[in-house]
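Quick note on my numbering: the sequence shown kicks off at 1 and runs consecutively. Accompanying notes for the structure given below.
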Amino acid sequence: TASVEDYVSDLAYVVSRILELENLNALFVIVRMDKRIYLIARSRGYDVDVSRVAEVFEGGGHRNAASASIKDMTLVQAQEKLLATLSEIVQPANRIKDVMHFPVVSVAVNDSISSAESILTLYNLNTLPVLSKEKPVGLITRQVVEKAIHHRLKEDCVEEFMIRRFSVTSPDEFFNSVIPLIIEEKQKL
């Protein structure tokens, strides 16, 4: 929250720049300018739909940019209402460990394609990590396994077909932090 005597016409731009420079997922600014209170909200991605928050204050906008002119409230009341609204609307982000199989389902580098197919089918998965001495060294996908079987290579080792370029992250990372890997780098899960 902030308070200034005069109206600042490009405050929305400043809020957008802060969001970008601080690498935030969302930013809400409540400011009193020229005897009125304003909410300016910005977000990136799909985590927070700021238009839903602005609607509570009888404002509007779209998913990534919204605002409201707040009537009949003090700065403190507006801030309290904003915090209450955020706790209702914004869901906490899942961590990777919340959506992953545990213990990790995997295959060893020396396992056969046939073995990988059985595990993929048993657990209804599309990708498996390939381990060597308990460390990830690659990934094998259902698509690659099916092609190998089609070419009568089901007894060959997974190591010959695995994807060797992949990223590793911590189970405590937020799930949305891996979305760029999945989309931009076409990383398999």
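Built from N, CA and C at the ideal position, the CB exists for glycine as well.
| task | Please say whether F175 and A93 have beta carbons closer to each other than 8 Å? | result | yes
| task | Determine the extent of the beta strand (DSSP E) in which I149 is found, giving its start and end residues. | result | It is not in any beta strand (DSSP E) - I149 instead sits in the alpha helix (DSSP H) that spans 142-150.
| query | Just reading off the alpha helix (DSSP H) that I119 is part of, what are its end residues? | reply | 113-122
| For V158 and V107, believed in contact at Cβ under 8 Å, the rounded distance | 5 Å
| field | Alpha carbon of I37 to alpha carbon of I96, nearest angstrom | value | 39 Å
| request: Taking S12 as part of the alpha helix (DSSP H), name the residues at either end of that continuous run. | output: As written in the sequence, residue 12 is Ala, which differs from the Ser given in the question. Start and end: 11-21.
| In three-state terms, what does DSSP make of R52? | helix
| query | By a C-beta neighbour count over all protein chains shown, 10 Å radius and 16 as the cutoff for buried, is F57 buried or exposed? | reply | buried
| First and last residue of the beta strand (DSSP E) that includes S87? | Careful: S87 lies outside any beta strand (DSSP E), inside the alpha helix (DSSP H) at 75-89.
| task | Have a look at T169 and V137 and give me their C-alpha separation to the nearest angstrom. | result | 14 Å
| query | Nearest CA to the CA of N124: which residue from V105, A65, V130, I179? | reply | V105
| task | Would you be able to state if there are at least three C-beta pairs under 8 Å between the stretch 57-77 and the stretch 143-155? | result | no
| field | CB-CB length for S112 against K154, believed under 8 Å | value | 7 Å
| What are the residues that DSSP puts in a beta bridge with L125? | The partner list for L125 (beta bridge, DSSP) is empty, contrary to what the question assumes.
| request: Name, in chain order, the residues that DSSP records as bridge partners for F174. | output: R95
| task | Look up L39 in the DSSP assignment and say whether it is helix, strand or coil. | result | strand
| Mapping DSSP to helix, strand and coil, what is P136? | strand
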